[in-house]
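Here's the structure, in structure tokens; my notes come after.
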Amino acid sequence: MAMRPLALLLCCLRASEALQLSPAVPLRHTPIRRGPAPVLVQMTVSKQEMVDAIALKAGVSKKTAAIVLASTLDVIVESVASGNKVSLIGFGTFDSKDRPEREGRNPKTGEKMLLKASVVPTFSFGKSFKDAVKEAGASRMGKESK
């Protein structure tokens, strides 16, 4: 029985599982420097690495995983661009927000200027996602999560 692409992706990307990528998927490391504190290492997962992880977790080909991921992202972008809200329970909510016209300053000259009204994309993290990140962060820092 074939699963629909979106259902397949959602099965693969549960918030708690998305944070536990397989060691078989290589990750790039980007050092972050914050003053005199020790260097922290932040892992960045590229789109191709996401495709590899989805293919591995779902047991499908990389081509299928790439199609599913690209289709899902396209649907989210199209929906939000047309003014709809996309809610993935536990993961988060994609939406757009109207920014009114406002007064700002030119950073170079300090001169006052009028900034046009605009529509910007927004994302709110879901509770499960926040909890998973909080728990992973606590264990990474050697503390118990509450």
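Residues -18 to -1, 1 to 128 (mature numbering (1 follows the signal peptide of the UniProt record, and there is no 0)) are what the sequence shown spells out, left to right.
Backbone N, C-alpha and C define an ideal beta-carbon position, used for all residues, glycine too.
By the neighbour-count criterion, in which 16 or more other beta carbons inside 10 Å mark a residue as buried, residue 36 falls on the buried side. Within the same chain, and ignoring the five residues on either side of residue 105 in sequence, the residues whose Cβ sits closer than 8 angstroms to its Cβ are 74, 75, 76, 77. Collapsing the DSSP output to three states places residue 107 in a strand. When DSSP reads this structure, residue 59 sits in no beta bridge, so it has no partner. For residue 95, the enclosing beta strand (DSSP E) begins and ends at 94 to 97. Bounds of the beta strand (DSSP E) holding residue 79 are 74 to 81. Relative to the Cα of residue 72, the nearest Cα in the group 46, 109, 56, 62 belongs to 109.
In this structure, residue 79 sits near residue 102, with a CB-CB distance shorter than 8 angstroms. In the three-state DSSP reduction, residue 32 falls in the helix class (H, G or I). For residue 93 and residue 82, the gap between their C-alpha atoms comes out near 20 angstroms.
Contact between residue 44 and residue 34 holds, since their C-beta atoms are separated by about 6 angstroms, short of 8 angstroms. Taking the Cα positions, residue 61 is about 22 angstroms away from residue 46.
By alpha-carbon distance to residue 28, the top candidate from 119, 51, 39 is 51. Residue 54 sits in a helix when the DSSP states are folded into three classes. By the 16-neighbour rule on beta-carbons within 10 angstroms, residue 114 is buried.
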